[in-house]
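Notes to accompany the following structure.
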Amino acid sequence: RGSLTEFWSNRLPEGKSFLRQIVHSYVSWNSYGVVRAWHYHLNQRDLWFVPPGSGKIQVGLYDSRVDSPTRDVVQELILGGGNVILLGIPEGVYHGYMTLSTSGSSLINSTNQPYDPTDEYRLDYDTPLIPFRWGTRNR
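Quick note on numbering: the sequence shown equals residues 1 to 139 in this note's numbering.
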């Protein structure tokens with residue numbers, strides 16, 4: 001029949017303060033194989049969600065925060081395609097994604113502030129500074 005997935009409510013428990021600070025949301029649609037990477041923000045936190053039936057994406061994260069216990073750690077996640085994940089991305093963490101679904105993908109991004117182009121710091125998707133490989137591997 002379908003599905004219903006709740007990803008935000010103003011009745012969240014206190015421990016979910018990241019979600020309580022949402023002030024801006026948008027949806028982006030992405031074609032198969034498109035890579036949108038790398039960038040980070042100094043003041044903006046992102047909250048990513050791929051709704052069920054909206055495709056599948058490969059997410060790359062790289063922690064560039066100087067005082068972080070996970071500094072220089074690279075992480076890969078798959079969102080969508082049955083993985084119902086709400087992904088919080090803190091300030092200072094490089095992030096990006098690639099659409100894996102041939103039919104494309106939709107990504108809902110909710111943030112703690114309205115978009116500010118002066119708070120976006122970019123690197124090329126294939127920069128040698130971040131040890132990450134875009135693409136599918138035995139999926």
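Ideal Cβ placement from N, Cα and C applies to all residues, glycine included.
Small disclaimer: the values here were computed from a predicted structure and weren't measured.
Distance check between Leu4 and each of Thr127, Trp134, Gly82, Leu123 places Gly82 closest, using alpha-carbon atoms only. In the structure shown, Thr118 falls within a helical segment according to DSSP collapsed to helix, strand and coil. Of all C-beta pairs linking the stretch 82-101 to the stretch 34-53, three or more are shorter than 8 angstroms, placing the two stretches in contact. Note on geometry: alpha-carbon atoms of Val35 and Ser9 lie some 30 angstroms from one another. Inter-residue distance for Ser110 and Gly96 is about 15 angstroms (C-alpha atoms, whole angstroms).
The DSSP-derived three-state label of Gly81 is coil. The closest CA to that of Leu129, considering only Trp38, Ser31, Pro114, is found on Trp38. Apart from sequence neighbours up to five positions away, the residues of its chain that approach Arg122 with a beta-carbon distance below 8 angstroms are Trp38, His39, ordered along the chain.
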